[in-house]
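Its first residue numbered 1, the sequence shown is counted upward by one per residue in UniProt numbering. C-beta: ideal position from N, C-alpha, C; glycine also. The block underneath contains the structure these notes are about, expressed in structure tokens.
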Amino acid sequence: MAPKKPAADGGPQLSFEDAMKRLETIVEELEGGQLSLEDSIARYEEGVKLSRRLTTTLDEAEKRIERLVESQEEGGEPTTEPFEDDERGGPASAPGSLF
Numbered sequence: 001m002a003p004k005k006p007a008a009d010g011g012p013q014l015s016f017e018d019a020m021k022r023l024e025t026i027v028e029e030l031e032g033g034q035l036s037l038e039d040s041i042a043r044y045e046e047g048v049k050l051s052r053r054l055t056t057t058l059d060e061a062e063k064r065i066e067r068l069v070e071s072q073e074e075g076g077e078p079t080t081e082p083f084e085d086d087e088r089g090g091p092a093s094a095p096g097s098l099f
């Protein structure tokens, strides 16, 4: 597991996986309907912050993806090229693919 880095507020920053688990827990708590209004609002705010951070992390990871391609040069040495976005600004996906 990746080491936890300090968050902007001084507390430890959760790993991506731990942040996902925390967000899932928050959703379950909110859907359970047992929280007070104040607790629900606090959980909602925490969930929105986590969701934004997770989205940013995924966006950054997507930008780092590189495709391995066979070089046309002699010897067929593999090279990398940047991940290409499709014309809509999102990641290129296979036809008929949901993602």
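{"Asked": "CB of Leu54 within 8 angstroms of CB of Leu30, strictly", "Found": "no"}
{"Asked": "Continuous alpha helix (DSSP H) stretch holding Gly32: start and end", "Found": "Phe16 to Gly32"}
{"Asked": "Same chain, Cβ closer than 8 angstroms to Gly47, neighbours up to 5 away in sequence not counted", "Found": "Leu23, Ile26, Val27 and Leu30"}
{"Asked": "Where Glu87 sits in the DSSP three-state scheme", "Found": "The predicted position of Glu87 is uncertain, since its pLDDT is 48 and thus under 50; no value can be drawn from it."}
{"Asked": "Alpha carbon of Leu37 to alpha carbon of Ala19, nearest angstrom", "Found": "23 angstroms"}
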